[in-house]
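**Student:** The structure follows.
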């Protein structure tokens with residue numbers, strides 16, 4: 020089964036959907052979704068009670084994102100997901116307009132990358148394991164620069180095991 024140029028509107032935004040579904044016994048889905056500010060491409064399959072997100076990637080405004088993982092769809096559903104995003108700090112208010120009032124006075128500049136993983140039972144989110152790594156070669160707040168900024172956060176069983184922030188201070 021294939022679909023092409025399916026059009027829809029949501030919140031006054033036009034979207035187009037293309038894709039295909041193959042192998043009904045072990046469904047495999049390839050699809051793309053596009054709008055003015057979003058491109059999304061995904062490949063996934065469902066087999067033996069498991070949703071396999073082989074790839075999910077795209078761009079929202081100027082922020083690139085990707086994800087892959089599995090979700091067990093049985094009685095005790097389990098999630099195992101890895102994801103990343105990368106962009107420019109000056110574009111955050113486009114991506115998250117609700118933060119505009121708080122972020123604009125900070126005059127944030129710099130590129131960032133975030134990589135993370137999430138594992139756990141979907142019915143017990145308090146015990147999920149979360150690993151997050153963030154980095155920026157140059158991060159600036161109101162003209163104050165931090166070089167090689169790095170943040171690591173590990174959380175497991177309702178507690179933070181590791182949280183570290185390191186950087187060099189700009190000397191120029």
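Numbering (my numbering), first residue to last: 20 to 191. Quick reminder that beta carbons are idealized off the backbone N, C-alpha and C, glycines included. Every value quoted in this text rests on a predicted model; they were computed, and no experiment measured them.
1. If we count the other Cβ atoms within 10 Å of its Cβ and call it buried at 16 or more, is residue 155 buried or exposed?
2. Using a Cβ-Cβ cutoff of less than 6 angstroms, which residues in the same chain neighbour residue 99 once the five nearest sequence positions on both sides are dropped?
3. For residue 54 and residue 159, what's the separation of their Cα atoms in angstroms?
4. Within the same chain, show all residues whose beta-carbon is closer than 6 angstroms to that of residue 113, passing over the 5 residues directly before and after it, in chain order.
5. Run through the DSSP bridge pairs and tell me what residue 147 is partnered with.
6. Rounded to whole angstroms, what's the CA-CA distance from residue 32 to residue 188? Just pull it up for me.
7. Grouping DSSP H, G and I as helix and E and B as strand, with all else coil, what is residue 20?
8. Any contact of the region 111 to 128 with the region 139 to 155, i.e. 3+ C-beta pairs under 8 angstroms?
9. Would you mind reading off the limits of the beta strand (DSSP E) that contains residue 120?
10. Which value, in whole angstroms, describes the spacing of the CA atoms of residue 172 and residue 180?
**Tutor:** Checking against the coordinates, here is how it stands:
1. buried
2. 88, 89, 138
3. 31 angstroms
4. 80
5. Its beta-bridge partners do not exist; DSSP assigns none.
6. 43 angstroms
7. coil
8. no
9. Unbroken run through residue 120 is the alpha helix (DSSP H), 119 to 122; no beta strand (DSSP E).
10. 8 angstroms
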